[in-house]
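So that you can map any letter, position 59 of the sequence shown is 59 in UniProt numbering, and since no number is skipped, the others follow by simple counting.
C-beta: ideal position from N, C-alpha, C; glycine also.
Everything on this sheet refers to the single structure shown next.
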Amino acid sequence: MQSTYLPPSAFSARAAIPDMDAYHALCAHAERDYEGYWGMQARANLDWQVPFTRVLDESEAPFYRWFGDGRLNVSYNCLDRHIERGLGGKTAIIFEADDGAFSHVTYSGLHARVCRIANGLRARGVGKGDRVVIYMAMSVEGVAAMLACARIGATHSVVFGGFSAKALQERIADAGACVVITQDEQLRGGKRLPLKSIVDEALALGGCGSVKHVVVYQRTGGGVTHVSDRDIWLHDLMADQPERCEPEWVGAEHPLFILYTSGSTGTPKGVQHASGGYLLWAALTMKWTFDIKPDDVYWCTADIGWVTGHSYIAYGPTAVGATQVIFEGVPTYPDAGRFWQTIERHGVSIFYTAPTAIRSLIKASDMDPAVHPTNYDLSTLRLLGSVGEPINPEAWLWYHRQVGGERCPVVDTFWQTETGGHMITPLPGATPLVPGSCTLALPGIMAAVVDEAGQDVPDGQGGILVVKRPWPSMIRTIWNNPKRYQASYFPEELGGALYLAGDGAIRDKDTGYFTITGRIDDVLNVSGHRMGTMEIESALVAHPLVAEAAVVGKPDDTTGESICAFVVLKKDRPGGADATALAQELRNWVAKEIGPIAKPREVRFGDNLPKTRSGKIMRRLLRVLAQGGVVTQDVSTLENPAILDQLAKAV
Ligand code: WTA
Numbered sequence: 001m002q003s004t005y006l007p008p009s010a011f012s013a014r015a016a017i018p019d020m021d022a023y024h025a026l027c028a029h030a031e032r033d034y035e036g037y038w039g040m041q042a043r044a045n046l047d048w049q050v051p052f053t054r055v056l057d058e059s060e061a062p063f064y065r066w067f068g069d070g071r072l073n074v075s076y077n078c079l080d081r082h083i084e085r086g087l088g089g090k091t092a093i094i095f096e097a098d099d100g101a102f103s104h105v106t107y108s109g110l111h112a113r114v115c116r117i118a119n120g121l122r123a124r125g126v127g128k129g130d131r132v133v134i135y136m137a138m139s140v141e142g143v144a145a146m147l148a149c150a151r152i153g154a155t156h157s158v159v160f161g162g163f164s165a166k167a168l169q170e171r172i173a174d175a176g177a178c179v180v181i182t183q184d185e186q187l188r189g190g191k192r193l194p195l196k197s198i199v200d201e202a203l204a205l206g207g208c209g210s211v212k213h214v215v216v217y218q219r220t221g222g223g224v225t226h227v228s229d230r231d232i233w234l235h236d237l238m239a240d241q242p243e244r245c246e247p248e249w250v251g252a253e254h255p256l257f258i259l260y261t262s263g264s265t266g267t268p269k270g271v272q273h274a275s276g277g278y279l280l281w282a283a284l285t286m287k288w289t290f291d292i293k294p295d296d297v298y299w300c301t302a303d304i305g306w307v308t309g310h311s312y313i314a315y316g317p318t319a320v321g322a323t324q325v326i327f328e329g330v331p332t333y334p335d336a337g338r339f340w341q342t343i344e345r346h347g348v349s350i351f352y353t354a355p356t357a358i359r360s361l362i363k364a365s366d367m368d369p370a371v372h373p374t375n376y377d378l379s380t381l382r383l384l385g386s387v388g389e390p391i392n393p394e395a396w397l398w399y400h401r402q403v404g405g406e407r408c409p410v411v412d413t414f415w416q417t418e419t420g421g422h423m424i425t426p427l428p429g430a431t432p433l434v435p436g437s438c439t440l441a442l443p444g445i446m447a448a449v450v451d452e453a454g455q456d457v458p459d460g461q462g463g464i465l466v467v468k469r470p471w472p473s474m475i476r477t478i479w480n481n482p483k484r485y486q487a488s489y490f491p492e493e494l495g496g497a498l499y500l501a502g503d504g505a506i507r508d509k510d511t512g513y514f515t516i517t518g519r520i521d522d523v524l525n526v527s528g529h530r531m532g533t534m535e536i537e538s539a540l541v542a543h544p545l546v547a548e549a550a551v552v553g554k555p556d557d558t559t560g561e562s563i564c565a566f567v568v569l570k571k572d573r574p575g576g577a578d579a580t581a582l583a584q585e586l587r588n589w590v591a592k593e594i595g596p597i598a599k600p601r602e603v604r605f606g607d608n609l610p611k612t613r614s615g616k617i618m619r620r621l622l623r624v625l626a627q628g629g630v631v632t633q634d635v636s637t638l639e640n641p642a643i644l645d646q647l648a649k650a651v
């Protein structure tokens with residue numbers, strides 16, 4: 001039996017879900033009366049301008065509709081309703097800049113900023129259903145821009161500031177955005193990195209004719225080119241705009257945002273989320289998973305470019321009127337004690353970060369004891385969270401002991417861009433914790449493990465993770481591609497009615513706890529960033545010297561996985577210094593095509609790739625080679641077994 005960690009009784013005493021009985025009661029309610037359960041939650045957690053009369057419409061499954069005839073405004077729920085209840089003076093955001101300067105913004109202050117941006121956008125013709133791409137770093141303005149879009153019913157698509165001009169251009173073109181909101185430069189670890197000039201480059205690549213305006217937030221004052229009639233400073237857009245803005249009341253199914261994410265095939269998918277169901281789950285999981293209380297100081301270290309920054313920075317914390325830290329910088333600047341120093345400085349009580357960050361800070365504090373968390377006063381912490389990839393028990397234990405002082409529950413939250421919010425996670429006041437397991441599905445989330453035919457497998461036997469019933473915050477479709485939505489998430493092989501997460505899982509025989517065993521498709525997870533092998537392969541093949549490429553993941557102690565690329569050139573296979581130089585060139589090429597996060601750690605050259613006689617690349621063999629292993633599997637179906645020796649050698 002693994003060791004379990006029980007919730008501290010003082011924590012449970014105040015918790016939203018105080019024990020397993022309360023958890024099971026909620027689950028039973030959902031089982032008994034699914035629509036009644038969700039309808040009750042949607043009424044209790046959101047303010048509706050027009051109440052819904054129908055909870056779930058399955059008539060066009062898997063294109064589900066939730067609370068379809070209800071009307072609301074997301075920014076109203078995230079701002080106005082708190083102010084109306086007397087919380088206008090409460091701090092909404094503590095902004096901690098890269099250089100350590102910080103400032104507080106109240107709910108009233110954030111509301112005024114959001115309204116002025118919303119009015120400025122409206123004045124330029126942006127309205128309901130228009131798409132706005134946001135290409136910004138972590139800032140109050142970035143979050144305000146998202147909420148401003150929500151206020152006027154525009155659908156935003158945030159593109160992570162680390163993506164290249166080409167990746168940005170593809171997303172702008174696919175979304176058909178009419179406005180791009182960006183900033184002159186971003187500050188990371190004391191360095192200035194361009195953003196506006198990358199937007200210029202992206203638009204110059206073509207296909208972005210829909211873009212009428214580029215709005216630029218002045219962050220550093222670094223010089224930028226100004227295209228008259230197209231470009232406008234954010235402060236000019238906001239100037240003279242009133243601090244009030246009538247919200248655009250939208251139907252619950254109105255698309256709040258599109259967020260591009262990687263799948264196993266093809267180009268990134270524009271995951272489309274609705275307004276009502278999405279916000280409901282962002283708010284409710286803040287209360288359940290994070291047990292958020294009025295006096296908490298909450299800090300999620302994610303970026304608004306990823307879904308965690310949507311649900312657990314821009315929308316969840318504001319929907320519940322919480323105070324949160326928004327951090328511009330990086331965990332290692334000015335030193336690897338930055339997270340701990342920031343927790344101490346602002347009295348953070350709930351801290352949510354990624355296993356990669358934890359593992360790299362473990363390493364850093366092993367090398368330099370001065371940045372070890374125990375050097376800081378972390379006594380305000382009461383809850384820790386983890387997201388984005390499996391957390392290994394060693395990292396979990398270190399987080400629990402060294403950061404949480406053994407008094408803070410650790411919630412290992414499993415979810416995805418497509419799920420909108422947490423799916424399988426401990427409840428901090430109720431669930432006995434087992435390091436390495438994300439434990440149980442939240443009440444109302446019908447998660448299960450099935451075999452390749454969609455049949456339930458017994459606990460203790462691994463299989464495919466699915467969700468059996470639709471839930472309010474689920475993906476609604478893939479933007480511009482409903483067929484791909486249906487094929488990717490509700491595949492015929494599983495019967496067409498199960499949501500396929502794309503991860504493998506196993507449930508414990510005794511506890512029923514889920515452990516995620518990793519992706520079952522060709523999606524990689526590097527430092528919690530999700531990437532498709534196909535995307536990286538396409539980028540490599542776009543290089544003039546590359547004939548063919550195959551990319552696999554290789555386990556890595558810090559980043560979870562690293563990228564290993566096997567490349568066949570149009571010319572002879574290089575050796576020695578030539579190979580090293582070309583490998584470096586290809587790495588930089590991928591950074592330019594997609595972004596630095598997609599750079600292969602390793603590039604190996606071969607005269608060919610291992611293929612079956614029918615021409616299929618045998619990736620499982622490449623995975624073995626990438627790990628430095630010897631192929632012991634049956635290679636009799638292989639066209640060219642000799643190639644394995646060649647590819648076994650690193651450059
Ligand atoms: C992985 C991030 C294990 C998983 C919120 C999933 C996890 C993918 C966990 C989604 C976790 C996320 N334990 N694996 N707690 N959280 N994953 O869309 O493979 O960027 O399918 O959403 O990350 O990544 P995405």
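Under the DSSP definition of a beta bridge, Asp-503 partners with Arg-519. Judged by DSSP secondary structure, Val-546 falls within the beta strand (DSSP E) whose first and last residues are 546-556. For Gly-223, the closest C-alpha among the options Lys-592, Leu-193, Arg-81 and Tyr-333 is that of Leu-193. In the structure shown, Arg-65 adopts extended strand secondary structure according to DSSP, grouped into three states. In the DSSP annotation of this structure, the continuous segment of the alpha helix (DSSP H) that includes Gly-142 starts and ends at 140-152. Burial is judged here by how many other beta carbons sit within 10 angstroms of a residue's own beta carbon; Arg-230 has fewer than 16 and is exposed. Taking a contact to require three or more Cβ pairs closer than 8 Å, the segment 271-278 and the segment 249-261 qualify as touching.
For the set Asp-80, Leu-121, Arg-124 and Gly-337, the Cα lying nearest the Cα of Gly-109 is the one of Asp-80.
Ala-319 is a Cβ neighbour of Asn-77, given a cutoff of 8 Å. Judged by beta-carbon spacing, Phe-257 lies within the 8 Å limit of Thr-155, meaning their Cβ atoms are closer than that value. For Val-590, there is no enclosing beta strand (DSSP E); the enclosing alpha helix (DSSP H) covers residues 576-593. Burial is judged here by how many other beta carbons sit within 10 angstroms of a residue's own beta carbon; Gly-129 has fewer than 16 and is exposed.
Of the residues Glu-561, Pro-373 and Trp-589, the one whose Cα lies closest to the Cα of Tyr-399 is Pro-373. With distances taken between CA atoms, Gly-263 lies nearest to Met-531 out of Asp-33, Gly-36 and Met-531.
In terms of CA proximity to His-82, Ala-322 leads the group Asp-174, Val-297, Ala-322 and Thr-4.
Listed in chain order, the non-local C-beta contacts of Arg-113 below 6 Å within the same chain comprise Ala-144, local neighbours out to five positions each way being set aside.
Per DSSP, the continuous beta strand (DSSP E) segment holding Lys-191 begins and ends at 191-194. Going by C-alpha positions, Gly-266 is about 15 Å away from Tyr-489. Closest in alpha carbon position to Phe-63, among Arg-573, Gly-575 and Arg-476, is Arg-476. The beta carbon of Asp-451 lies closer than 6 Å to those of Val-457 and Gly-463 in the same chain, with the five residues before and after it left out. Relative to the ligand WTA, the beta carbon of Glu-535 is positioned no closer than 7 Å to any heavy atom.
It is roughly 26 Å from the alpha-carbon of Asp-57 to the alpha-carbon of Tyr-260. DSSP lists no bridge partner for Trp-396.
Non-local C-beta neighbours of Phe-11 in its own chain, meaning closer than 6 Å and more than five positions away in sequence, comprise Gly-429, ordered along the chain. Under DSSP, Glu-561 takes part in a beta bridge, and its partners are Pro-555.
The Cβ atoms of Asn-525 and Gly-575 lie no closer than 8 Å to each other. In the same chain as Pro-242, and ignoring 5 residues on each side of it, the C-beta atoms closer than 8 Å to its own belong to Cys-115, Arg-116 and Asn-119, in chain order. In the DSSP assignment, Ser-157 is bridged to Val-133.
Here Lys-269 is actually not in contact with Ile-134; their C-beta atoms are around 18 Å apart, not less than 8 Å. A straight-line Cα-Cα distance of about 5 Å links Thr-425 and Thr-413.
Sixteen is the threshold: when 16 or more other Cβ atoms of the shown chains lie within 10 Å of the Cβ of His-543, as they do, the residue is buried.
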